[in-house]
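K.L.:
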Amino acid sequence: VLDTGLDITENSIKGALRQKRVKLVKSFIPGDPSISDEYGHGTHVASLLLKVAPHAQVFVLKIAKTEEILSTEIIAEAINHAANELRVDIITMSFGLDKENAVVQAAIRNAFSKNILMFAAASNSGGNLEVKYPARKDEVTCVYATDGSGNPFDKNPNTMTSSSFHFASLGVGVKSSWPRDLQNPPLKAGEPSERRQTGTSFATPIVAGIAACIIEFAIVHNLSEDLLGVLKTRQGMQKTFSKFMVDETPRSGLHYIHPWKMFTNDRDDEVIVHMMADILKC
Numbered sequence: 574v575l576d577t578g579l580d581i582t583e584n585s586i587k588g589a590l591r592q593k594r595v596k597l598v599k600s601f602i603p604g605d606p607s608i609s610d611e612y613g614h615g616t617h618v619a620s621l622l623l624k625v626a627p628h629a630q631v632f633v634l635k636i637a638k639t640e641e642i643l644s645t646e647i648i649a650e651a652i653n654h655a656a657n658e659l660r661v662d663i664i665t666m667s668f669g670l671d672k673e674n675a676v677v678q679a680a681i682r683n684a685f686s687k688n689i690l691m692f693a694a695a696s697n698s699g700g701n702l703e704v705k706y707p708a709r710k711d712e713v714t715c716v717y718a719t720d721g722s723g724n725p726f727d728k729n730p731n732t733m734t735s736s737s738f739h740f741a742s743l744g745v746g747v748k749s750s751w752p753r754d755l756q757n758p759p760l761k762a763g764e765p766s767e768r769r770q771t772g773t774s775f776a777t778p779i780v781a782g783i784a785a786c787i788i789e790f791a792i793v794h795n796l797s798e799d800l801l802g803v804l805k806t807r808q809g810m811q812k813t814f815s816k817f818m819v820d821e822t823p824r825s826g827l828h829y830i831h832p833w834k835m836f837t838n839d840r841d842d843e844v845i846v847h848m849m850a851d852i853l854k855c
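At position 79 of the sequence shown the residue is numbered 652 (this note's numbering), and the sequence of numbers has no breaks.
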């Protein structure tokens, strides 16, 4: 998770730390080693990922203090650290830049060459601006937002004509953890520190979490190593999404991911694995 840090005092985060599900929280901001989340965004995003993918190991890399990106070099350094040192399977990026950046793009290409899945938020500018960078790049899966019924978020940007898939998931009124110190008005003692947020930023960790669950399902059910390697590629995961989790006809132009579709008609797990294998061989 590349974001604004993490509130490690929040109850659900403390639980994840005790269970060693949060493996690392590290700041990449020069001269500021603090991992604390003074903005709330990173805590909300990381907590969502932990909820959607309950067996995933999560690494939180702090690249900003607020919604303002301080430096593109920080982003590139964090991506390279995730790819080269942590050797993660998935990178989720709930931020966007107006312009492509050569240093960041080199880091993205490096991660892509290692078959690391990357997901990024489309943006929340409606029709006024295009999909932001890095979500608009071929190496990255762009994520749009919907409500709980699959209806598009009204501030999604226009879909990209260069892409065949326009994946979307819940991103409207999403409840997740929020730093207690940032709650206004203050919470009562014992009251859970949560907040509802809306935007493509919050759909992105949900889609990343679904991808993590698919990989876990494949491992548990002994998908071959070769095909597991294909599944972990952008093309392989997008094939799996499109065949198992979205309807053939896009909903208002978006491929709304509803993971329960994969398990409809009481399919046996072995049948699903065989279907996955057939798809990934193509």
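The C-beta atom is built at its ideal place from N, Cα and C for all residues, glycine as well. Owing to the predicted nature of the structure, the values given are computational and were not obtained by experimental measurement.
Classify R884 as helix, strand or coil using the three-state DSSP reduction.
P.N.:
For residue 884 there is no data in the structure shown, the boundaries of the chain being 574 and 855.
K.L.:
Which two residues bound the contiguous beta strand (DSSP E) that contains T771?
P.N.:
From DSSP, T771 is part of no beta strand (DSSP E); its letter is neither H nor E.
K.L.:
Please name the residue in D820, I783, N697, T582 whose C-alpha comes closest to that of G723.
P.N.:
When each option's Cα is compared against that of G723, the closest is D820.
K.L.:
Enumerate, from N- to C-terminal direction, the unbroken alpha helix (DSSP H) stretches of 4 or more residues contained entirely within the segment 632-687.
P.N.:
645-653, 675-686, all fully within the segment 632-687.
K.L.:
In the DSSP assignment, the beta strand (DSSP E) including T813 goes from what residue to what residue?
P.N.:
Per DSSP, T813 belongs to no beta strand (DSSP E); it is in the alpha helix (DSSP H), 807-817.
K.L.:
Which whole-angstrom value describes the C-beta separation of T734 and Y829, a residue pair presumed to lie in contact below a C-beta threshold of 8 angstroms?
P.N.:
Not confirmed; about 19 angstroms, so no contact.
K.L.:
Would the segment 594-601 count as touching the segment 660-667 if we require 3 or more Cβ pairs under 8 angstroms?
P.N.:
Because the criterion of three Cβ pairs below 8 angstroms is not met, the segment 594-601 and the segment 660-667 do not touch.
K.L.:
Would the beta-carbon of I783 fall within 9 angstroms of that of F814?
P.N.:
For I783 and F814, yes; Cβs fall inside 9 angstroms.
K.L.:
Please confirm whether W751 and H617 have their CB atoms less than 9 angstroms apart.
P.N.:
Cβ atoms of W751 and H617: closer than 9 angstroms.
K.L.:
What does Y706 pair with, by DSSP beta-bridge criteria?
P.N.:
Y706 is bridged to L670.
K.L.:
Can you check whether the CB of R753 is closer than 9 angstroms to the CB of E611?
P.N.:
In this structure, R753 does not lie closer than 9 angstroms to E611 by Cβ.
K.L.:
Considering A626, what are the terminal residues of the beta strand (DSSP E) in which it resides?
P.N.:
A626 -> no beta strand (DSSP E), and no H or E assigned at all.
K.L.:
Identify, in the order they occur along the chain, each residue of the same chain with its Cβ nearer than 8 angstroms to the Cβ of S774, setting aside the five sequence neighbours on each side.
P.N.:
Excluding sequence neighbours, S774 sits near H614, V618, S667, F668, A694, N697, G744.
K.L.:
Taking the beta carbon of G826 as the centre, do at least 16 other beta carbons fall within 10 Å, making it buried, or is it exposed?
P.N.:
So G826 ends up on the exposed side.
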